[in-house]
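These notes concern the structure reproduced below.
In my numbering, the protein residues as written are 1 to 261.
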């Protein structure tokens, strides 16, 4: 396989299936801890693995598109604005990741299924919201699920690319958070990752650190991936429902004194 094909974000090879040797590459979203690794199992197993990983990636895209559509609705944007915000939220993190890793072409540009899922998710959210009132925390819940899926996916691709552990955690966190940051910036909101003591990036860091650490200990890749996603989602949901916060740093100056409790 050439270097260009290894960097490619489209087609079965880029998700880890090489027809001749059944070779799992760096883009297997967590099922390989090496840049490449050979397996001797049946071809059907590898085809199923590719399909499962692709479906999970599309689910993450759809969930983030829902959060983008909900944010657009809160700002009373038109249908074009809903689609744009859903697209930016869904592919923002993956695009940043692929650019940093020099993976071309960008996955969602080469595979039309991503755009179809984004459009259906965004417009489906519009149809649902016009008939029923979405729950108050629906945007936060959708965002938390997307964060869990994408942060572990980003870390897995970084691990497969052979990056150091700290870089894998950082890239996974960026993959999970970047789409939400772009969404909030476009709607003139303070990004969730920067809000007052909020456990957002911290949730992604905890989950991706578990994923990378468990792989280093020799845990099965599937267990590491599922465990990392559960940790990200659990920490984020706990922060939403129980208002968990990080300690806030105050600096007293002549103009701004630290408030006394």
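Here a beta-carbon is modelled for each residue, glycine too, at the ideal position from N, C-alpha and C.
| Asked | Found |
| --- | --- |
| DSSP three-state assignment for residue 198, whether helix, strand or coil | strand |
| Inter-stretch contact at 8 Å, needing at least 3 Cβ pairs: the stretch 114-131 / the stretch 95-106 | no |
| Neighbourhood of residue 237 by C-beta, 7 Å cutoff - its chain only, sequence neighbours within 5 removed | 144 |
| Separation of residue 121 from residue 63, as counted between CA atoms | 8 Å |
| Residues bridged to residue 245 (per DSSP) | 198 |
| Residue of 126, 136, 200 and 182 minimising C-alpha distance to residue 151 | 200 |
| Where the alpha helix (DSSP H) through residue 112 begins and ends | 112-131 |
| Limits of the unbroken alpha helix (DSSP H) element including residue 193 | No alpha helix (DSSP H) holds residue 193; DSSP gives it neither H nor E. |
| Buried or exposed (CB count within 10 angstroms, at least 16 for buried), residue 51 | exposed |
| Assigned exposure category for residue 249 - 16 Cβ within 10 Å defines buried | exposed |
| Buried or exposed by the 16-neighbour rule on C-beta atoms within 10 Å, applied to residue 108 | buried |
| Limits of the unbroken alpha helix (DSSP H) element including residue 183 | 165-186 |
| Three-pair Cβ contact test at 8 Å for the stretch 67-84 versus the stretch 162-173 | no |
| Cβ contact check for the stretch 199-214 and the stretch 223-232: 3 or more pairs under 8 Å | yes |
| For residue 104, the three-state DSSP class (helix, strand or coil) | coil |
| Contact the stretch 131-145 vs the stretch 56-71: 3+ CB pairs below 8 Å | yes |
| Residue 246 to residue 192 span [Cα, whole Å] | 13 Å |
| Other residues of its chain near residue 197: CB distance less than 8 Å, five sequence neighbours each side excluded | 245, 246, 247 and 248 |
| Alpha-carbon spacing of residue 156 relative to residue 130, whole angstroms | 38 Å |
| Whether residue 97 touches residue 187 by CB criterion (8 Å) | no |
| For residue 217 and residue 72, the rounded distance between their alpha carbons | 43 Å |
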